[in-house]
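Peer 1:
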Ligand code: ADP
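In this note's numbering, the protein residues as written are 703 to 1028.
(1) Which same chain residues end up closer than 6 Å to residue 814 when comparing Cβ atoms and leaving out the 5 residues on each side of it in sequence?
(2) Could you tell me whether any non-hydrogen atom of the ligand ADP is closer than 8 Å to the CB of residue 782?
(3) Indicate whether the contact test is met: 3 or more Cβ pairs, each with one atom in the segment 707-715 and one in the segment 839-847, closer than 8 Å.
(4) Please state whether DSSP places residue 965 in a helix, a strand or coil.
(5) In whole angstroms, what is the alpha-carbon distance linking residue 780 and residue 1009?
(6) So, using beta-carbon positions, are residue 790 and residue 872 closer together than 9 Å?
(7) Would you mind stating whether residue 771 and residue 725 have Cβ atoms separated by less than 9 Å?
(8) If I measure Cβ to Cβ from residue 855 and keep anything under 6 Å in the same chain, skipping five residues before and after, which residues do I get?
(9) Once the 5 residues before and after residue 850 are set aside, which same chain residues still bring their CB inside 6 Å of it?
(10) Between the Cα of residue 1027 and those of 913, 903, 811, 806, spot the shortest distance and give me the residue it belongs to.
(11) Are residue 924 and residue 973 touching if we call contact CB-CB under 9 Å?
(12) So, for residue 874: in the same chain, excluding its five sequence neighbours on each side, which residues have a beta-carbon less than 6 Å away from its beta-carbon?
(13) Only counting runs of 3 or more residues, tell me where the beta strand (DSSP E) segments fall wholly within the segment 737-817, in order along the chain.
(14) For residue 763, which option in 809, 736, 730, 859 has the closest C-alpha, if you only look at C-alpha atoms?
(15) Under three-state DSSP, which class holds residue 1005?
(16) Touching or not, the segment 856-869 and the segment 886-902, by the rule of three or more beta carbon pairs under 8 Å?
(17) Given 8 Å as the limit, is there contact between the segment 984-1004 and the segment 749-757, that is, 3 or more CB pairs closer than that?
(18) What would DSSP say about residue 708, mapped onto helix, strand or coil?
(19) Use the C-beta contact count for residue 740: other C-beta atoms within 10 angstroms, 16 or more gives buried, fewer gives exposed.
(20) Have a look at 721, 976, 801 and flag the residue whose alpha-carbon is nearest the alpha-carbon of residue 774.
(21) Could you tell me how far apart the beta carbons of residue 922 and residue 898 are, in whole angstroms, since I believe they sit closer than 8 Å?
(22) Just to confirm, are residue 896 and residue 938 a CB contact at a threshold of 9 Å?
(23) Tell me, to the nearest whole angstrom, how far the beta carbon of residue 704 is from that of residue 800; I am working on the premise that it is less than 8 Å.
(24) Give me the Cβ distance between residue 941 and residue 907, rounded to the nearest whole Å; I'm assuming they're in contact under 8 Å.
(25) Is residue 817 a contact residue of the ligand ADP, with contact defined as CB to any heavy atom under 8 Å?
(26) Output the boundary residues of the beta strand (DSSP E) element that contains residue 870.
(27) I'd like to confirm something about residue 776: is its beta-carbon nearer than 8 Å to some heavy atom of the ligand ADP, or not?
(28) Using 10 angstroms around the beta-carbon of residue 880, count the other beta-carbons present and answer buried if the total reaches 16, otherwise exposed.
What follows is the structure, encoded as structure tokens:
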């Protein structure tokens, strides 16, 4: 394997708060260790379309506290094809990029795995997604900020819910996994989390209605994970109107509110540590791995494990939620 001299960095897929802190950490840690750094705009799209710039220490000044990503992000259909990836590889060579750091979610790391395999490129992934759905890492960058945003929003909705004695159904993100719904419900003292993982086994809405709402409380809040399986907040509200018409139900969809905002300290620290660890990994000859955090330690997780969709929620958390919502 040829020695790495220049490292490219990109952000891809859904943006997440803390991505800028990760770009900063990758850039500064690489320069500290004597590498050149190139920033690739708009994820894989910038690699295919040749939107590549030099990054210096000062290029990443003053960005850490901003949400989003200074490198922009995009979804790229061309990169899903062999021709698109070949074009991306040619642009990498044109800019003398020897290795890549990809900051993104499940899809972005699947693309990285495919690209690395076809063109024998060292690639290290950093988990950047609010969903926390990558296996092999306790946390992904952006998850803690999104969770805090959800808590902040639900606290405000509760004021109205209790004043008007209403049932509020609040939809949160997390199509494939319910970390935001479940931990968001715990953090905000919601009465229920309606999640896809147990939807086939339990009628979670009936359970909520029967569990004491209106016996001990005059209002109730349920967080619903956005998913075709749960029906989302609109689907759940429709059911309430039909099956429990006595309840005054309202819907709030938090949507992209959950993606933005200044990252929390926890996300900034995680992003800084993961960015530095990505450069360490490349220096150690690692490739095709994602940086993960395991009990506060930085670890290397093979792409094949990270994107396997095996990260499951802890159902004990549901039990705690039920106990505390009486
Ligand atoms: P996220 O990283 O947030 O999960 P996406 O699923 O939208 O976001 O993936 C981001 C981009 O990664 C896609 O637009 C595509 O360019 C690339 N990608 C995803 N899956 C693959 C794949 N199997 N092969 C090649 N590229 C992929």
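Glycine included, C-beta positions come from ideal geometry on N, C-alpha and C.
Peer 2: Quick look at the numbers:
(1) Numbered from 1 along the chain shown, position 112 holds the residue referred to as residue 814. Once the five neighbours on either side are set aside, the close Cβ partners of residue 814 are 804, 825, 827.
(2) Position 80 of the chain shown, counting from 1, holds the residue named residue 782. Correct: residue 782 has its Cβ closer than 8 Å to the ligand ADP.
(3) No, because fewer than three Cβ pairs between the segment 707-715 and the segment 839-847 fall closer than 8 Å, the two stretches do not touch.
(4) Translated into positions along the chain shown, residue 965 becomes position 263. Coil at residue 965, not helix or strand.
(5) Sequence index remark: in the chain shown, residue 780 carries index 78 (1-based). Sequence index remark: in the chain shown, residue 1009 carries index 307 (1-based). A straight-line Cα-Cα distance of about 21 Å links residue 780 and residue 1009.
(6) In the chain shown, residue 790 corresponds to position 88, counting from 1. In the chain shown, residue 872 corresponds to position 170, counting from 1. Between residue 790 and residue 872, the C-beta gap is not smaller than 9 Å, which leaves the two residues out of contact.
(7) Within the chain shown, the letter at position 69 stands for residue 771. Within the chain shown, the letter at position 23 stands for residue 725. Yes. Within cutoff.
(8) One-based indexing of the chain shown puts residue 855 at position 153. Around residue 855: 956.
(9) The sequence position of residue 850 within the chain shown is 148, counting from 1. Excluding positions up to five away in sequence, the list reads 966.
(10) Walking along the chain shown from the start, residue 1027 turns up at place 325. The residue from 913, 903, 811, 806 with its alpha-carbon nearest to that of residue 1027 is 913.
(11) Within the chain shown, numbered from 1, the residue matching residue 924 stands at position 222. Within the chain shown, numbered from 1, the residue matching residue 973 stands at position 271. No, they are not a contact pair.
(12) Residue mapping note: residue 874 aligns to position 172 of the chain shown, counting from 1. Once the five neighbours on either side are set aside, the close Cβ partners of residue 874 are 852, 882, 883, 886, 925, 956.
(13) Taking 3 residues as the shortest admissible run, the segment 737-817 contains the following complete beta strand (DSSP E) segments, listed from N- to C-terminal end: 738-742, 754-757, 801-806.
(14) The sequence position of residue 763 within the chain shown is 61, counting from 1. With distances taken between Cα atoms, residue 763 lies closest to 730.
(15) Translated into the one-based positions of the chain shown, residue 1005 becomes position 303. Residue 1005: helix per DSSP, three-state reduction.
(16) Contact holds: three or more Cβ-Cβ distances are below 8 Å.
(17) Taking a cut-off of 8 Å on C-beta distances, the segment 984-1004 does not touch the segment 749-757, as fewer than three cross pairs fall below it.
(18) For this step, residue 708 is matched to residue 6 along the chain shown. Three-state DSSP puts residue 708 in a strand.
(19) Position 38 of the chain shown, counted from the start, is the residue given in the question as residue 740. With 16 or more neighbouring CB atoms inside 10 Å of its own CB, residue 740 falls in the buried class.
(20) Working through the chain shown from its first residue, we reach residue 774 at position 72. The alpha carbon of residue 774 has as its nearest neighbour, out of 721, 976, 801, the alpha carbon of 721.
(21) Position 220 of the chain shown, counted from the start, is the residue given in the question as residue 922. Position 196 of the chain shown, counted from the start, is the residue given in the question as residue 898. That belief does not hold up - the Cβ atoms of residue 922 and residue 898 are roughly 21 Å apart, past 8 Å.
(22) For the purposes of this step, residue 896 is taken as the residue at position 194 of the chain shown. For the purposes of this step, residue 938 is taken as the residue at position 236 of the chain shown. In this structure, residue 896 lies near residue 938, with their beta-carbon atoms less than 9 Å apart.
(23) The residue labelled residue 704 in the question sits at position 2 within the chain shown. The residue labelled residue 800 in the question sits at position 98 within the chain shown. That pair is a contact at about 7 Å.
(24) Your numbering for residue 941 matches position 239 in the chain shown. Your numbering for residue 907 matches position 205 in the chain shown. That belief holds up - the Cβ atoms of residue 941 and residue 907 are roughly 6 Å apart, short of 8 Å.
(25) In the chain shown, counting from the first residue as 1, residue 817 sits at position 115. For the ligand ADP, at least one heavy atom lies less than 8 Å from the Cβ of residue 817.
(26) Mapped onto the chain shown, residue 870 falls at position 168. 869-874 is the span of the beta strand (DSSP E), which, as asked, contains residue 870.
(27) As a working mapping, residue 776 is identified with position 74 in the chain shown. Correct: residue 776 has its Cβ closer than 8 Å to the ligand ADP.
(28) To locate residue 880, count along the chain shown from 1; it is residue 178. Flag for residue 880 reads buried.
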